[in-house]
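Heads up: the sequence shown is residues 11 to 446, going by the numbering used here.
The beta-carbon is built from N, C-alpha and C at its ideal position, and this holds for glycine as well.
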Amino acid sequence: MALLTKAPRGTQDLLPSKAHRYQYIEKVVAETVACFGFYEIRTPVFEHTELFNRSVGDTTDVVQKEMYTFEDNGKRSISLRPEGTAGAVRAFLEHGLFNEPLPQKLWYLTSCYRYEKPQAGRLREFHQFGVEAFGSQSAAQDAEVMAIARHVFDRIGVQNITLEINSIGCPVCRKEYHKALLCFFNEKKGDLCETCLGRLERNPMRILDCKSPVCSAIAADAPVITDFLCDECTTHFAQVQKYLNAMDIDFIINPHIVRGLDYYTKTVFEFITHDLGAQSAVCAGGRYDGLVEQLGGNPLPACGFGMGVERLDLLMQAQNIEVPEPEHCSLYVAPYNEEFSFEAMRLVNDLRAEGVYALTDVTGRSVKAQMKYADKCKADYTMILGADDIANKEVKVKRMNDGTVTQIGLDDFCDDFIRLTINDALSDFAGEDFAL
Ligand code: ATP
Ligand code: MG
C-alpha cells in the first residue's frame, strides 16, 4: 500500500504553494524570451530512442545510464526525453522550419527524465527551460543565447551565478586534440574507471566529464582544447567574448568545460553557482553546428541552452527571493441562508465572467463560519446577502482592511463593484504618493 501513497523516487509533487513559484518562473521566462524574439515549441514527452542515441550520443552518461527506455506494444524502442534539444531539432526538421526565415528561435519549458541518484537539485523528473536558435553561425548568436539566461537570472534577482565559457572546437581541431588526449590517457590507462576505458577508444573527450574522483583527478592535468583550436574556432571564440563584453555580461574562461552531451561544437558554457552544493550548474549549453545534419537535415548551424528549473528554484530559496503573492479573493458573497445562495451564486458567476476573483459558499455553512473562511481566503471585500438586500435591491459591501462599507445597487452590481475596487486602489495609490 505504501507504493500508492508515495511518489516514485526522484519525482516531486508541486503543491499549490510550490506550483505558484513555478508559475512565476514560467512567467519571467516567457516575458524574457519574448524580448529576444523566441517562440515556444512543445514536443512530445517521448521520442524514438534512436533520436537520443544519435544526438545526445551513445557514449554519454545520459544515454548509457540515465535514460528511461522501454519497448511499446508495437515493439518500438521509446525513451522519455532526457533533454529538450533532440526533440526540438527533430520537430524543426520534420516540419521544414528551415524553410522559414532564419534564424528560427525556439524556446520550451518542459519536463525531462533521467535515471539518476536523487539528491537536492538532482531529480529523475525535472524541468528544463531551454532555447534553441537555428541558422546563424555568428558568434553574436552564441552571445545572444547566453544573454537570455543572464536576463532571466537578473529579472528574478538571483545572484552569485558565474558564466563560464569555453570552446571545444570543431571536427577539424578536435582531431588533433583527440590524438593528444589519447596519448595522455593511454599512459594512465591502469587508473581509469571501466566506463572511461571504453570512452578512450570511442570518445576520449568524454573522460574529461567523468564524475569519478580518480578519473577527474587525472583529467585535471589533461591537455586543454583551447591550445588546439583552429583559426576559425579561435576567431569565433574571441568574437563571442567581444559580444559578451559589449553587453556587459561578465564571464570567465574555463578550459575544462566539455559538457555531458556529444553534439556540442565551438562554444560551450555553464552558469555556475556555489550556493547549491554539488549541483552547481544552473544552466548549460553551447553551439551544435553538426547536429541538424547528424539527424538527417542539410547542414545548419545552431546553438542553445538548458536551464534547470528546480535548481533555479532552490537557488531562489537559498537567496530568500520573494515571489509575488498569488492572486487572492476580491469579493466573498455570503448568503444569509440557503434561500439566498442562488442569488449569491448568480452574482459571483457574473463577476467571474468579468474576470473578478469572487467566491461564495458551496458547503452550507453559517454566515459566521463563512466569514472565517473569507478571512482565510484574504478576501478584500465581503458582503452578506439576505432578505432586506434583495427587497431593497441594494447590498452593503465591506472593505476588509479598513472596515469601510459601501452601498451598491444589485441592478448594475458587477460594474459598480469593479468601479469601487478601482476607486479604492486609486485612492490607496494617491495616499502613498502624498506620503512620499
Ligand atoms: P550535471 O553535471 O549537474 O549532471 P548535466 O551536464 O547533466 O548536469 P545538462 O544535460 O546540461 O546537465 O542539462 C542542463 C541543465 O539541466 C543542468 O545545468 C541542470 O541545471 C539541469 N539538470 C540536469 N540534470 C538534472 C537533474 N537530474 N535534476 C535536476 N536538474 C537537472
Ligand atoms: Mg548529468
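Exercise for review: Please name the residue in Q327, F350, K382 and F423 whose C-alpha comes closest to that of I166.
Suggested key: Q327
**Study point:** Delimiting residues of the beta strand (DSSP E) encompassing V43
**Key:** Segment P26 to C45 is the alpha helix (DSSP H) holding V43; no beta strand (DSSP E) there.
Exercise for review: Answer yes or no: do H409 and I259 have a C-beta to C-beta separation smaller than 7 Å?
Suggested key: In the sequence on display, residue 409 carries Arg and not His. No, the Cβ-Cβ distance between R409 and I259 is not below 7 Å.
**Study point:** Segment limits, alpha helix (DSSP H) that includes E154
**Key:** A149 to I166
Check your understanding: Measuring from the CB of V268, is there a heavy atom of ligand 1 at a distance below 6 Å?
Key -> no
Practice item. Return yes when the C-beta of E126 is under 6 Å from any heavy atom of ligand 1, and no when it is not. Key: Because some heavy atom of ligand 1 lies under 6 Å away, the Cβ of E126 counts as near it: yes.
Practice item. Within its chain, find whatever has a CB closer than 7 Å to the CB of V377; leave out the 5 residues flanking it on each side and keep chain order. Key: Same-chain partners within the cutoff: A344, Y346 and I394.
Exercise for review: Identify whether Y125 lies in helix, strand or coil by the three-state DSSP scheme.
Suggested key: DSSP, reduced to helix, strand and coil, places Y125 outside both helices and strands of the structure shown, so it counts as coil.
Check your understanding: For H188, which of helix, strand or coil comes out of DSSP?
Key -> helix
Point to revise | Reduced DSSP secondary structure (H/G/I, E/B, other) of S177 | key: It is a strand residue.
Exercise for review: Count the CB pairs spanning the segment 168-176 and the segment 40-54 that are closer than 8 Å, and state whether there are at least three.
Suggested key: no
Review point. So, helix, strand or coil for S376, using DSSP?
Key: coil
Review point. Which of the three DSSP states, helix, strand or coil, is assigned to M257?
Key: Reduced to three states, the DSSP call for M257 is coil.
**Study point:** Short Cβ contact (7 Å threshold) for F144 with L305
**Key:** no
Point to revise | Rounded straight-line distance, which links the Cα of D68 to that of D231 | key: 26 Å
Practice item. Would you mind working out which of C313, E76, E197 and D438 sits nearest F136, comparing C-alpha positions? Key: E76
Check your understanding: Nearest-angstrom Cα distance between G318 and T15?
Key -> One alpha carbon belongs to G318, the other to T15, and they sit about 27 Å apart.
Review point. What is the residue span of the beta strand (DSSP E) that L369 lies within?
Key: In the DSSP annotation of this structure, the continuous segment of the beta strand (DSSP E) that includes L369 starts and ends at A368 to T370.
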